[in-house]
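Undergrad: In this note's numbering, the protein residues as written are 147 to 678. Heads up, the beta-carbon is just placed ideally off N, CA and C, and yes, glycines get one too. None of the values given here were measured: they were computed from a predicted structure.
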Ligand code: TEU
Ligand code: CA
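1. Just how far apart, CA to CA, sit residue 344 and residue 633?
2. Please list, in chain order, all residues of the same chain as residue 394 whose beta carbon is under 8 Å from its beta carbon, the five residues on each side excluded.
3. In the DSSP output, what is residue 420 paired with across the bridge?
4. Out of 259, 411, 438 and 404, state which residue places its alpha-carbon closest to the alpha-carbon of residue 619.
5. Among 311, 601, 272 and 383, which residue has its Cα nearest to the Cα of residue 340?
6. Quick one: any contact between the region 515 to 527 and the region 608 to 626, if contact means 3 or more CB pairs under 8 Å?
7. Between residue 569 and residue 440, what straight-line distance do the alpha-carbon atoms span, to the nearest angstrom?
8. Drop a sphere of 10 angstroms on the beta-carbon of residue 324, count the other beta-carbons inside from all chains shown, and report buried for 16 or more, exposed for fewer.
9. Would DSSP call residue 156 helix, strand or coil?
10. Look at residue 464 and residue 549 and say whether their C-beta atoms are less than 7 Å apart.
11. Compare the Cα-Cα distances from residue 316 to each of 654, 364, 296 and 387 and report the closest residue.
12. Hey, would you say residue 176 sits closer than 7 Å to residue 225, going by beta carbons?
13. If you reduce the DSSP assignment to three classes, tell me which class residue 147 lands in.
14. If you draw a straight line from the alpha carbon of residue 259 to that of residue 529, how long is it in whole angstroms?
15. In whole angstroms, give me the CA-to-CA distance for residue 257 and residue 244.
16. If I follow the unbroken alpha helix (DSSP H) through residue 441, where does it start and stop?
17. From 288, 374 and 214, pick the residue whose C-alpha is nearest to that of residue 307; which is it?
18. Output needed for residue 492: all residues of its chain with C-beta closer than 8 Å, excluding positions within five of it in sequence on either side, in chain order.
19. Taking any heavy atom of ligand 2 as the mark, which residues have a C-beta closer than 5 Å to it, listed down the chain?
20. Excluding the five sequence neighbours on either side, which residues of its own chain have a C-beta within less than 8 Å of the C-beta of residue 167, listed in chain order?
21. Here's the rule I'm using: 16 or more other beta-carbon atoms within 10 Å means buried, otherwise exposed. How should residue 198 be labelled?
22. What are the start and end residues of the alpha helix (DSSP H) that includes residue 611?
23. Under a three-way DSSP split, which group does residue 326 fall into?
24. Going residue by residue through the region 256 to 326, where are the continuous beta strand (DSSP E) segments of at least 3 residues, counting only ones entirely within it?
25. With distances taken between CB atoms, is the gap from residue 496 to residue 601 smaller than 7 Å?
26. Between the alpha carbons of residue 347 and residue 413, how many angstroms are there, rounded?
27. Helix, strand or coil: which one does DSSP assign to residue 654?
28. For a quick check, are the C-beta atoms of residue 482 and residue 469 less than 7 Å apart?
29. Buried or exposed: where does residue 531 fall if 16 or more other Cβ atoms within 10 Å of its Cβ makes it buried?
30. Given this structure, state the Cα-to-Cα distance separating residue 113 from residue 381, to the nearest angstrom.
31. When the distance is taken between beta carbons, is residue 490 closer than 7 Å to residue 593?
32. Pair every Cβ in the region 584 to 598 with every Cβ in the region 498 to 507, then say whether three or more of these pairs are closer than 8 Å.
33. Are the CB atoms of residue 574 and residue 561 nearer to each other than 7 Å?
34. Any heavy atom of ligand 1 closer than 6 Å to the beta-carbon of residue 220?
35. Is residue 259 close to chain B, meaning its C-beta is less than 7 Å from at least one C-beta of that chain?
36. In three-state terms, what does DSSP make of residue 457?
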């Protein structure tokens, strides 16, 4: 397996909301091309591009109707190649989004599959007879309702773990697995460097279970086969989107000798502030648990895996709104970054995070676009338990659209994202645009630039051993150690001052600090990287 990932810092682009160049209100590939220097200057050396394949757009591109094309609204294959060359010229690698648990129902495989029970593509998907006139089991879909959809034409149900326009592929079928390996090779031959693998631990189903979940019996076998058929020959990097794993399970997917995935995301800390992980059911954030969970994964993966450090993506509200403090936007955004990226692992940064963006304000239901939000609203409303006002507050708290509004590049209308009408509302707040932060030494953007430069240039930050020294009373300290070098990361996770922890040796050098000074006390949300 290639080891370049240890030096990687990945920027996630959600193309629909990044930059529009033709005024149709939808971000596009030429928009990305125009911002490559911005990415280079930020200090990232890889990009994960959310899906830009042809799609009916039921789930913003996570419902793919052609695995080998580029969606016309995003541009052409020529534009794509130009973007890829532009990235490589700047030593930025490209990870594409690999969505192979399901396709769109408008993919030609499914169009064929649903035609008849003996169609050659029938077995590309998961079809079952009704049981006593009902769905084959109780599994529910991530976006609400049963995971089974009855298809009149052939009298059977098909499985969809997400929307009914996202039928699940049948990985038990060898032809499906070969098609996918071929498709992966097609992109890798073109020069793509790897993939972020959407809900990848769901590809093997376990029908003995009462609920739809991941990690079915053939998962490892399927991944190893892809590794042999496509990934390993190209030395491709993969990062699995894998919800609900334990560190032990993550090691089984990523260990050096496994020949499966390079890395997996861990999202356990992103479930905090939610009753039983339900994104529309808020509860106060347990800040101690936030640090403890991150530390648990650092330690749990140490033996044979390289962690992924993430706090935002296109499925999550903004970290500042969830884990930070809107009264201390600069301090808390930079503290969270210092805490997370000081750890061992590949840093993933979601577009706009580097500006310390907070959630946009949604004033009414029709400002939302996300299928999950709209379905949840409907279900919760039908339950009769909530007022309209309460429902809107829930959506504002948990909606995926909170992270999907356009990047505010300038102070102009719609943040300079488009000259037309944006596909989703654009929010532009004073101080939270690239234009304003670029030249401002005290901006979140310049803090990220400085931090990423440090992270990339230090072996100790890249691969040093992690140890948690302190996590109490809203102050934490951990160390990174490599040979005789030691880095202390000290974070104040509260809006009040505290004592400087006494585990910091006196003769340390300050290499990163989100305040001008290091005093006798820690200031609200102060974060410092000390080098010994
Ligand atoms: O997400 C999978 C996933 O389980 C969640 O993060 C999802 O956002 C949802 O909240 C489940 O309740 C991946 C993609 O990141 C997401 O955008 C897609 O909608 C989904 O897969 C289906 O492809
Ligand atoms: Ca456009």
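TA: To lay it out plainly:
1. Sequence index remark: in the chain shown, residue 344 carries index 198 (1-based). Sequence index remark: in the chain shown, residue 633 carries index 487 (1-based). Between residue 344 and residue 633, the alpha-carbon positions lie close to 34 Å from each other.
2. The residue labelled residue 394 in the question sits at position 248 within the chain shown. Excluding residues within five positions, the ones whose Cβ falls inside 8 Å are 446.
3. Residue numbering aside, residue 420 sits at position 274 when the chain shown is read from its first letter. Paired residue(s): 428.
4. Taking the chain shown and counting its residues from 1, one reaches residue 619 at position 473. Measuring C-alpha to C-alpha distances from residue 619 to each of 259, 411, 438 and 404 identifies 438 as the nearest.
5. Taking the chain shown and counting its residues from 1, the one referred to as residue 340 is at position 194. Comparing Cα-Cα distances from residue 340 to each of 311, 601, 272 and 383, the minimum goes to 383.
6. The way I'd put it, the region 515 to 527 doesn't touch the region 608 to 626; fewer than three beta-carbon pairs between them come closer than 8 Å.
7. By 1-based counting over the chain shown, the position of residue 569 is 423. By 1-based counting over the chain shown, the position of residue 440 is 294. Approximately 35 Å, taken between the alpha carbons.
8. As a position in the chain shown, residue 324 is number 178, starting the count at 1. Here residue 324 is exposed. Its C-beta has fewer than 16 other C-beta atoms within 10 Å.
9. Locating residue 156 in the chain shown gives position 10, counting from the first residue. In this structure, residue 156 counts as strand in the three-state DSSP scheme.
10. Here the question's residue 464 lines up with position 318 in the chain shown. Here the question's residue 549 lines up with position 403 in the chain shown. The Cβ atoms of residue 464 and residue 549 lie closer than 7 Å to each other.
11. By 1-based counting over the chain shown, the position of residue 316 is 170. From the listed residues 654, 364, 296 and 387, the smallest Cα separation to residue 316 is found for 364.
12. Residue 176 sits at position 30 when you count from the first residue of the chain shown. Residue 225 sits at position 79 when you count from the first residue of the chain shown. If you check the CB distance, residue 176 and residue 225 come in under 7 Å.
13. Position 1 of the chain shown, counting from 1, holds the residue named residue 147. In this predicted model, residue 147 has a pLDDT of only 43, less than 50, meaning its place in the structure is not dependable enough to derive any value.
14. Position 113 of the chain shown, counted from the start, is the residue given in the question as residue 259. Position 383 of the chain shown, counted from the start, is the residue given in the question as residue 529. Going by the C-alpha atoms only, they are around 36 Å apart.
15. Here residue 257 is taken as the residue at index 111 of the chain shown, counted from 1. Here residue 244 is taken as the residue at index 98 of the chain shown, counted from 1. Between residue 257 and residue 244, the C-alpha separation is close to 21 Å.
16. Indexing the chain shown from 1 puts residue 441 at position 295. 433 to 447 is the extent of the alpha helix (DSSP H) around residue 441.
17. On the chain shown, position 161 is the one that residue 307 refers to. Here the closest residue by C-alpha is 288.
18. Reading the chain shown from its first residue, position 346 is the one you call residue 492. Contacts found: 151, 152, 154, 155, 156, 385, 409, 452, 453, 454 and 455.
19. The set of residues with a C-beta under 5 Å from any non-hydrogen atom of ligand 2 comprises 166, 168, 170, 172 and 174, given in chain order.
20. Taking the first residue of the chain shown as position 1, residue 167 is located at position 21. So the list reads 174, 176, 177 and 180, once near-sequence residues are dropped.
21. In the chain shown, the residue the question calls residue 198 occupies position 52. By the neighbour-count criterion, in which 16 or more other beta carbons inside 10 Å mark a residue as buried, residue 198 falls on the buried side.
22. Locating residue 611 in the chain shown gives position 465, counting from the first residue. Not the alpha helix (DSSP H): residue 611 falls in the beta strand (DSSP E), residues 611 to 618.
23. For the purposes of this step, residue 326 is taken as residue 180 along the chain shown, with counting starting at 1. Looking at residue 326 - three-state DSSP - the assignment turns out to be helix.
24. Within the region 256 to 326, the complete beta strand (DSSP E) runs of at least 3 residues fall at 294 to 297 and 302 to 305.
25. Position 350 of the chain shown, counting from 1, holds the residue named residue 496. Position 455 of the chain shown, counting from 1, holds the residue named residue 601. In this structure, residue 601 does not lie closer than 7 Å to residue 496 by Cβ.
26. Position 201 of the chain shown holds residue 347. Position 267 of the chain shown holds residue 413. Cα to Cα, the separation comes out at about 14 Å.
27. Here residue 654 refers to the residue found at position 508 when the chain shown is read from its first residue. DSSP places residue 654 in coil when its eight states are reduced to three.
28. By one-based count along the chain shown, residue 482 stands at place 336. By one-based count along the chain shown, residue 469 stands at place 323. Against a cut-off of 7 Å, the Cβ pair of residue 469 and residue 482 comes out as a contact.
29. For the purposes of this step, residue 531 is taken as the residue at position 385 of the chain shown. The C-beta of residue 531 has fewer than 16 other C-beta atoms within 10 Å across all chains shown, which makes the residue exposed.
30. Lying outside 147 to 678, the shown extent of the chain, residue 113 is not represented and no answer is given.
31. Here residue 593 refers to the residue found at position 447 of the chain shown. Here residue 490 refers to the residue found at position 344 of the chain shown. Not in contact: residue 593 and residue 490 (Cβ atoms no closer than 7 Å).
32. They touch, by the three-pair rule.
33. Against the chain shown, residue 574 aligns to sequence position 428. Against the chain shown, residue 561 aligns to sequence position 415. In this structure, residue 561 lies closer than 7 Å to residue 574 by Cβ.
34. In the chain shown, counting from the first residue as 1, residue 220 sits at position 74. No; taking the cut-off as 6 Å, the Cβ of residue 220 has no heavy atom of ligand 1 nearer than that.
35. Judged by its chain identifiers, the structure shown contains no chain B, having just a single protein chain.
36. The sequence position of residue 457 within the chain shown is 311, counting from 1. Coil.
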